[in-house]
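Residues in the sequence shown are numbered from 9 upward in steps of one, following the numbering used here. Think of the CB as a built atom: it goes at the ideal place given N, C-alpha and C, for glycine as much as any other residue. Report on the following structure.
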Amino acid sequence: MDLGIRGRKAIVCGASRGLGKACALRLAAEGVNLVLAARDAAALEACAAEIRAASEVDVRTVAVDLSMPRGRQDLLAACGDPDILVHNGAWPEENPDFRQWTHDDWVRALDAMMLSPVELITGVVDGMMARRFGRIIAVTSRFVKEPRMEHMLSVSPRLGLAGFMNGIGREGVRCNVTANAMLTGIFATETQIEFGRSLAQRSGRPFDEVWKERESTNCAGRFGQPEEFAALCAFLCSTHAGFITAQNILIDGGGYPGVF
Ligand SMILES: NC(=O)c1ccc[n+]([C@@H]2O[C@H](COP(=O)([O-])OP(=O)(O)OC[C@H]3O[C@@H](n4cnc5c(N)ncnc54)[C@H](OP(=O)(O)O)[C@@H]3O)[C@@H](O)[C@H]2O)c1
């Protein structure tokens, strides 16, 4: 299927590895020019080189910390008029005991997981509406639908973001600007594999055994592949998805047990 977005321009945040990189590769395969953002300039440039070798699209990199207002400003200054914004990034370090979360912990979490996407969206949405095309995606988490107390430091800002995205998604759709959040289940990214390795080390068991045991707890009997995530992201960015907006879309291999 031709997604109808050849020649469009996308900002992809957190693009140096994992789900963000997979989304960038997939959008490039659809002919979308890219501005890639993450903190580590070398990793970002390596990703850009890989995309340039595989496609004809224009790829630029902006090394910024998107949990800081200055990083968001720099990214918007480098690319103020995208047709597509994929916000993705922070993986919080969480102490599971909410009694120990400090004011600073909350401010950092809000900055990285709510204010970062809110400020980037605010910076690009008017241009998208004026040009009558825009696709905004925020990568969040399955825990938004199935919260657990120990994850509330990341879930709470992401729930706040879901509210903002809902407003933007309904405001923009009249001008063909959609906004949706993708709620990820577990995907086999480098970060997840690293987490599996640390679990294996702590339990003194082989990595393969721990990984397979964790995978077997999902209905699909496996974790998702980043390419599967990227395929959905690309479809939501396509011309075909103009009637899908203000949604929290779960992609988790049946992990969520509820009906709605
Ligand atoms: N993979 C899963 O199973 C899973 C499950 C649930 C939710 N999620 C969510 O999905 C998102 C992506 O997951 P992933 O596994 O692909 O993560 P990942 O492999 O850790 O990749 C995160 C990306 O974001 C960038 N990043 C992190 N903090 C940033 C910051 N402050 N400013 C700019 N860039 C930043 C990283 O590059 P730098 O470090 O160089 O900045 C990297 O490119 C995360 O938000 C995660 O919470 C993932």
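Based on Cα-Cα distance, which residue from the options lies nearest to residue i?
i, options, result
"residue 147", "187, 209 and 87", "187"
"residue 262", "228, 236 and 117", "228"
"residue 160", "108, 134 and 264", "108"
"residue 45", "201, 149, 81 and 136", "81"
"residue 259", "183, 155, 182 and 151", "151"
"residue 64", "36, 201 and 255", "36"
"residue 90", "208, 24, 25 and 140", "140"
"residue 183", "134, 22, 164 and 120", "134"
"residue 116", "202, 98 and 131", "98"
"residue 130", "12, 177, 166 and 249", "177"
"residue 88", "128, 26, 245 and 164", "128"
"residue 74", "169, 49, 124 and 192", "124"
"residue 59", "42, 224, 111 and 210", "42"
"residue 180", "191, 243 and 142", "142"
"residue 149", "250, 244 and 256", "256"
Would a C-beta distance cut-off of 8 Å place residue i and residue j closer than the cut-off?
i, j, result
"residue 4", "residue 126", "Because the chain spans 9 through 268 in this model, residue 4 falls outside it and cannot be assessed."
"residue 31", "residue 189", "no"
"residue 122", "residue 185", "no"
"residue 52", "residue 23", "yes"
"residue 204", "residue 222", "yes"
"residue 96", "residue 27", "yes"
"residue 92", "residue 247", "no"
Label residue i either buried or exposed according to how many other C-beta atoms from any shown protein chain fall within 10 Å of its C-beta, with 16 as the threshold for buried.
i, result
"residue 69", "buried"
"residue 9", "exposed"
"residue 56", "buried"
"residue 253", "buried"
"residue 62", "exposed"
"residue 157", "exposed"
"residue 265", "exposed"
"residue 165", "buried"
"residue 267", "exposed"
"residue 211", "exposed"
"residue 213", "exposed"
Hey, could you find the ends of the alpha helix (DSSP H) residue i is sitting in?
i, result
"residue 178", "160-180"
"residue 328", "With the chain running from 9 to 268 in the structure shown, residue 328 is simply not present."
"residue 79", "77-86"
"residue 60", "49-62"
"residue 111", "111-118"
Give the range of the beta strand (DSSP E) segment to which residue i is assigned.
i, result
"residue 21", "17-21"
"residue 192", "185-192"
"residue 69", "67-71"
"residue 42", "41-46"
"residue 146", "142-147"
Looking at ligand 2, does it come within less than 7 Å of residue i, judged from the CB to the closest heavy atom?
i, result
"residue 69", "As far as ligands go, the structure on display features ligand 1 and does not contain ligand 2."
Subject >> contact_flag[the stretch 213-221, the stretch 173-182] where n(CB pairs < 8 Å) is 3 or more >> reply: They do not touch, by the three-pair rule.
Original post:
Do the stretch 230-248 and the stretch 191-208 make contact, defined as three or more Cβ pairs closer than 8 Å?
Top reply: At 8 Å Cβ cutoff, the stretches touch.
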